[in-house]
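Presented below is the structure to which this report refers.
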Amino acid sequence: MDGFTLLLFCLTLLNNLAYSTAKDTINSVQSIKDNETIVSAGEIYELGFFSPENSDNRYVGIWYNKIKPKTVVWVANRNNPLNDSSGVLQFNENRILVLLNHNKSVIWSSNTTKYVQNPVAKLLDSGNFIVQAMDSSKSDPKDEFLWQSFDYPCDTVLPGQKFGRNLITGLNRYLTSWNSSDDPSQGKFNYQVDVVGFPEIVLREGNAKRFRFGSWNGIYLSGCPQMKQNSENTLFTFNFVSNEEEAYFSFEPVNRSSLQRLNLRSDGYIEGSRWSAENNGWSITAKVPVDDCDYYAKCGAHATCNIENIPVCHCLNGFVRKTDDIYGDCVRKTPLSCHEDGFLKFSGLKLPDTGKSWFNRTISLEECRMLCMKNCSCTAYAASDISLGATGCVHWFDKLIDMKEFAASNDDIYIRMAGTEIKSIERKKSYSQKTTIIICVSAIGILILGLTIYLWKSRQKGRKKQESLERDTNAINEHNEEDPELPLFDMPTIISATNNFSSDNILGEGGFGPVFKGVLEDGREIAVKRLSLNSSQGVQEFKNEVKHIAKLQHRNIVRLLGCCLQGGERLLIYEYMPNKSLDNFIFAGKKGKLLDWSERLHIINGIARGILYLHQDSRLRIVHRDLKAGNILLDDEMNAKISDFGLARSFGGNGTEANTEHVVGTYGYLSPEYIIDGDYSTKSDVFSFGVLVLEIVSGKRNRGFYHQEHRFNLLGHAWRLFTEGKCYELVDETLRDSLNISAVTRSIHVGLLCVQVSPDDRPSMSTVVLMLSSEFPLPQPKEPGFYTERDLLRDSSSSSSYQPFSTNDITISTLDAR
């Protein structure tokens, strides 16, 4: 039956029953056809015929059992697919496992050269598919493997699998990428252990080097000092063996029940991932290349790369740039003269490419230096093993290429320099040290003077602040006389309610200050927003919030119960929201399952009605300017409440827009015209609302959004899926069982209409509310604002890079507009 799983199989010869009862052995059969009933077995892995998504080709492969979508870890006939379901797997007359097509032609075989009487094929719990001899006189097979899939990996390394070379037999276990997600044939990237020179792990695109993990120093690979052998890594342990017989890498999960894999993607990234049952998906645990400095020879010869520097490339001490190209080679300031040369020590570096090096594991570092000194062609030396001090020897004989700075690195390299150049460098170093001492002494004096002036100014500032507080208190009191609905709370009441502002009562904290939960004497639960005494923005925000929220009465606006100004404190007292903020649900993985689609749609509609009230129905026409998931609170019935009006602005009369020189709000939610020109209006809030809708539907933040198949942000990703008619793929996976496809598609459509570039193209909130609550046809949206695609570095000549990142939504309260 086409598409079913073929798990384990072998040839029935003499002892059928005995074989089928052996551990890990599948039920024995003469042959298995792609379209026949499949024998099932295996708790972790399955083996059988499959077709990739969007492909009709058929392959024999291994994938994870019970994980959807199918994650394939090995393919037999990756370069010779079957064109139909006529494939047959069987042992031939020479006892070799073969895959036949409809013409009975062999399109793949295990290439077993040793003839045995009774072969048996098994899929082990490790994911290793093996062929071994069955001893007819015993019930257990012999230990020797005639063939194993672990020796012929495709794009994946599994726990316990060796990745590298057998130097005796010449067996090379290396990875090659899939051509694409739909095509498992060999792609353009390969990843292997190079053994020409001192062994190191290298990623290539075709024949061109793209990334080096660096050579093994007994503790870690020099290009990855943070991943040390036997370190307190909570996910896996690894082993690197490099001797006269083998050079290979392998790893094991710390938790044996954890599913982990190392994968070479079709786009050239090497990715470590772990299966997360909570999120029902693969979580990325490691990914390289990480930044610009990881790309091979980014900075040319005799130069180091540091991603924290601008520019990232710098010549080594004693070298200068050969041309004006900041990524070009560096050359020596002073030519070498062989026997009058010396060596200068450099620390904290990824050791250079060892492709043209010589090494000896047995000699001492001093012997290594002497041998390099005697050989005028030797340009540098280093210890080959630092696990027990510095032992062994590596010599370089060419340009020193592909070095990166690492603060955590313990590697030292000694680079050949002209004797006069070494003396010059040492003089400069000595002068620099003396200068540093003088500067430090002067700095201490300046610091003492500055501290004295600071203390004096602080006293003066304190007096002014107290005077300002008294003025603010009078202003609030005057406001309260006009507005008896906003009561003033006394400080003892708030201290009692919050248990003296106990840290156990903190609900959250923003730029304004912390928010505490409290309980009044009458049993009412409250949220107390406390102005940070050190906040330079808090006073104005405090006044602003009281001004804008005091008389707002709407079920989707958080209610301000009162305020308190006593003892130097400024406090706002709100109704308590037991479910806190929306971002705690939609961006929290497992917790997102608590919000099904009907509840999310209810929240979307509530936010829309709240914004409409601000824009149209409140006594002031209010632009919130900081709408985001963190400012949407949820009550005990999951009703959305818009909060935090510290950055809000109001319009008198029929005003709807204004301009500012100081852009405020949160990155990821700000509209293009606001960030670029400082123009804000009700349509700025509409843009923020559109971002919120797409975040609520997808469960992903707009800022920091990452997708492994492209470089678009969340808005671009949503636009792409919408234009391709694949809106369903945007939806948070936790919602798949509670979806109303029509409502989801309409919500995404409305969200995209709200985030269009031009404010004039965005609907008003009254139109948005109508769109969400009706079924009339919607206009087609245009490309969204900030529709971007980040560039991915493909070669060493590119100067841009892409790094996936994630960040919290932090309100920016003073940001100059461009």
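Sequence positions in the sequence shown follow mature numbering (1 follows the signal peptide of the UniProt record, and there is no 0) and run -22 to -1, 1 to 796. Think of the CB as a built atom: it goes at the ideal place given N, C-alpha and C, for glycine as much as any other residue.
- In the structure shown, glutamate 503 falls within a strand segment according to DSSP collapsed to helix, strand and coil.
- For the pair arginine 190 and isoleucine 197, the CB atoms are not nearer than the 9 Å cut-off.
- For alanine 586, same chain residues with a beta-carbon under 8 Å away, outside a window of 5 residues either side, are Phe667, Met743, Val746, Val747 and Leu750 in chain order.
- Shortest Cα-Cα distance from tyrosine 554 to any of Arg537, Leu425, Asp129 and Gly367 involves Arg537.
- With contacts defined by Cβ atoms closer than 9 Å, isoleucine 620 and isoleucine 589 form a contacting pair.
- Every beta strand (DSSP E) stretch that sits fully inside the region 379 to 407 and reaches 3 residues is listed by chain position as 390 to 396.
- In this structure, aspartate 613 and asparagine 557 form a Cβ contact; the two beta carbons are roughly 7 Å apart against a cut-off of 8 Å.
- In this structure, histidine 317 lies away from cysteine 283, with their beta-carbon atoms at least 9 Å apart.
- For alanine 586, the enclosing alpha helix (DSSP H) begins and ends at 575 to 590.
- Across the structure, valine 722 and glutamate 761 are spaced so that their CA atoms are roughly 19 Å apart.
- In this structure lysine 300 does not touch cysteine 291 by the C-beta definition: roughly 12 Å separates them, more than the 8 Å allowed.
- A contact is defined here as three or more CB-CB pairs under 8 Å, and the region 366 to 385 meets this definition with respect to the region 324 to 341.
- Looking at the DSSP output, phenylalanine 189 sits in a beta bridge with Leu181 and Tyr273.
- The beta carbon of leucine 329 is closer than 7 Å to those of Gly192, Ser193, Ser200, Ala360, Asp389 and Ile391 in its chain, skipping five residues each way along the sequence.
- Looking at the DSSP output, asparagine 144 bridges to Glu224.
- With distances taken between CA atoms, phenylalanine 69 lies nearest to Leu78 out of Tyr552, Pro59, Leu78 and Phe665.
- When the beta-carbon positions are compared, valine 51 and threonine 154 stay at least 9 Å from each other.
- In this structure glutamate 31 is exposed. Its beta-carbon is surrounded by fewer than 16 other beta-carbon atoms within 10 angstroms.
- Just so you know, the alpha carbons of lysine 100 and valine 66 end up roughly 17 Å apart.
- Just so you know, the alpha carbons of serine 235 and leucine 136 end up roughly 13 Å apart.
- Taking a contact to require three or more Cβ pairs closer than 8 Å, the region 375 to 383 and the region 274 to 282 qualify as touching.
- The three-state secondary structure of valine 372, taken from DSSP, is strand.
- Residue pairing for proline 762: DSSP places it in a beta bridge opposite Gln734.
- In the structure shown, the three-state DSSP call for tyrosine 552 is strand.
- If you check the CB distance, phenylalanine 123 and isoleucine 108 come in under 9 Å.
- By the C-beta density criterion, alanine 421 is exposed, having fewer than 16 other C-beta atoms within 10 angstroms.
- Note on geometry: alpha-carbon atoms of glutamate 547 and lysine 46 lie some 55 Å from one another.
- Across the set Pro759, Asp103, Ser725 and Pro267, the C-alpha of Pro759 shows the shortest separation from the C-alpha of proline 737.
- Going by beta carbons, asparagine 35 and leucine 75 fall outside the 9 Å limit.
- In this structure, the alpha-carbon of isoleucine 22 lies about 27 Å from that of isoleucine 85.
- With 16 or more other Cβ atoms from the protein chains shown falling within 10 Å of its own Cβ, lysine 507 counts as buried.
- Glutamine 110 is not a Cβ neighbour of proline 131, given a cutoff of 9 Å.
- Here phenylalanine 141 is near valine 171, since their CB atoms are less than 9 Å apart.
- Cβ-Cβ distances below 6 Å link leucine 573 to Phe563 in the same chain, with the five nearest sequence neighbours on each side left out; the list follows chain order.
- For histidine 292, the enclosing beta strand (DSSP E) stretches over residues 291 to 293.
- Distance check between alanine 264 and each of Tyr591, Asn257, Leu366 and Tyr247 places Tyr247 closest, using alpha-carbon atoms only.
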